[in-house]
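The structure under discussion appears below in the form of structure tokens.
There are 2 protein chains.
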Amino acid sequence: MTARVERFVEPALLLALQAGRSHGYELAERLADVVGVESVDYGNLYRLLRSLEQEGIVSSEWDDESEGHAKRQYQLTENGELLLEAWVDSLRHMDTRLAAFLRRYDERNPA
Amino acid sequence: MTARVERFVEPALLLALQAGRSHGYELAERLADVVGVESVDYGNLYRLLRSLEQEGIVSSEWDDESEGHAKRQYQLTENGELLLEAWVDSLRHMDTRLAAFLRRYDERNPA
DNA sequence: GGAGACATATGTGGTTGACATATATGTGTT
DNA sequence: AACACATATATGTCAACCACATATGTCTCC
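One line per chain: the protein sequences are E and F, in this order.
Numbers given in this note's numbering equal positions in the first sequence, counted from 1, plus 3.
Numbers given in this note's numbering equal positions in the second sequence, counted from 1, plus 3.
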């Protein structure tokens, strides 16, 4: 029984990308603590990245210059910035509701 | 684009029932502001109530004594109280993660 | 007796995410 | 060179969850 914010990975991803371009595998690890799980599911993350690219939220290109694996580097577009803002507004609102819920519980169930 | 806590109606419902027994239609209205929508979907709420009853989280009986419609009165069981506690723990944890997210955003995007 | 609120309930289809699987390259060890 | 393991990207599948539609009956008020 674990409470989850639906699609929370998406805003977390946008925030991570706001800090600078990166690729999927690294993002997954950077996201883990924000989202609050051991590790984000890679499959779904890559799917999300492609889907966001189709919507113009991120853009990408292959980076085969840096050593190691060829990586697809993603970065936020301007629309991505706007979407992040919208997420933040919505999450703030949700935080308010959540706080109200917890306050009500605590009032009825004093420590 | 609206952020949602998955199954948030469930803990809200349990909290409402902790305050005293009630029936579906009334609960739906009492829940609306906690959940943060104009009105909770009745169909899903009744389905949830029955499902919770099957799991021993709530118990119910028909009340045809009070005036008006026959209403199915629900009340929390002991297991229901425990489930509410579990929800609260989980939601508190989620609140922490959410606050961390918003703090990070605000740090990177000063007003 | 008709309109609209009250009260409970089932049907359905799209979205989401957990989990499984596939493929290929890079790195380090023996 | 062979092997294991980490890195990196990607698709398949299925159950859960929820928005929306629909159904049925009663009660109240004009």
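We put the beta carbon where it would ideally sit given N, CA and C, even for glycine.
Query: Please go through the same chain and pick out, in chain order, the residues whose beta-carbon is closer than 7 Å to the beta-carbon of Leu52 (chain E), but skip the five residues on each side of it.; Result: Gly27, Val61, Tyr77
Query: Which of the three DSSP states is assigned to Met91 (chain E) in this structure?; Result: The amino acid occupying residue 91 (chain E) in the given sequence is Val; Met does not appear at that position. Reduced to three states, the DSSP call for Val91 (chain E) is helix.
Query: Would you give the residue range spanned by the beta strand (DSSP E) that Arg53 (chain E) belongs to?; Result: Run containing Arg53 (chain E): none in the beta strand (DSSP E); it sits in the alpha helix (DSSP H), 45-57.
Query: I want to verify the contact list: residues of chain F whose CB lies under 8 Å from the CB of Tyr28 (chain E), in sequence order.; Result: In chain order: nothing, as chain F lies at least about 21 Å away.
Query: Which residues, taken in chain order from the stretch 6-28 of chain F, show a beta carbon closer than 9 Å to some beta carbon of chain E?; Result: Ala6, Arg7, Val8, Glu9, Arg10, Phe11, Pro14, Ala15, Leu18, Gln21, Ala22
Query: Run the CB neighbour count on Met4 (chain E), radius 10 Å, all protein chains shown included, and call it buried at 16 or more, exposed below.; Result: exposed
Query: Just list the residues that DSSP pairs Val61 (chain F) with in beta bridges.; Result: F:Leu79
Query: According to DSSP, is Val40 (chain E) helix, strand or coil?; Result: coil
Query: Please list, in chain order, the residues of the stretch 33-50 of chain E that have any C-beta partner in chain F closer than 8 Å.; Result: Val37, Val38, Gly39
Query: Straight-line CA distance for Leu16 (chain F) to Leu86 (chain F)?; Result: 11 Å
Query: For Tyr45 (chain F), count the other beta carbons within 10 Å of its own beta carbon; 16 or more makes it buried, fewer makes it exposed. Which is it?; Result: exposed
Query: The alpha helix (DSSP H) that contains Glu13 (chain F), what's its start and end?; Result: 12-21
Query: In whole angstroms, what separates the C-alpha of Glu41 (chain E) from that of Lys74 (chain F)?; Result: 45 Å
Query: Which class does His26 (chain E) belong to by DSSP, given the choice of helix, strand or coil?; Result: strand
Query: Would you tell me roughly how many angstroms separate the C-alpha atoms of Asn47 (chain F) and Ala31 (chain F), rounded to the nearest one?; Result: 10 Å
Query: For a test of the three-state rule: what should DSSP assign to Asp109 (chain E), helix, strand or coil?; Result: helix
Query: Once DSSP output is grouped into helix, strand and coil, what is the label at Asp98 (chain F)?; Result: helix
Query: If contact means a Cβ-Cβ distance below 8 Å, which residues of the stretch 80-92 of chain E contact chain F?; Result: Leu86, Leu87, Ala89, Trp90, Val91
Query: Per DSSP, which residues does Asp66 (chain E) bridge with? Please list them.; Result: E:Lys74
Query: In chain F, which residues lie with their C-beta within 8 Å of the C-beta of Leu105 (chain E)?; Result: Val91, Leu94, Arg95, Asp98
Query: Does the separation of the CB atoms of Val43 (chain F) and Leu34 (chain F) fall below 7 Å?; Result: yes
Query: Measuring only between beta-carbons, confirm whether Leu55 (chain E) sits less than 7 Å from chain F.; Result: no
Query: Tell me the rounded alpha-carbon separation between Met97 (chain E) and Leu20 (chain E).; Result: 23 Å
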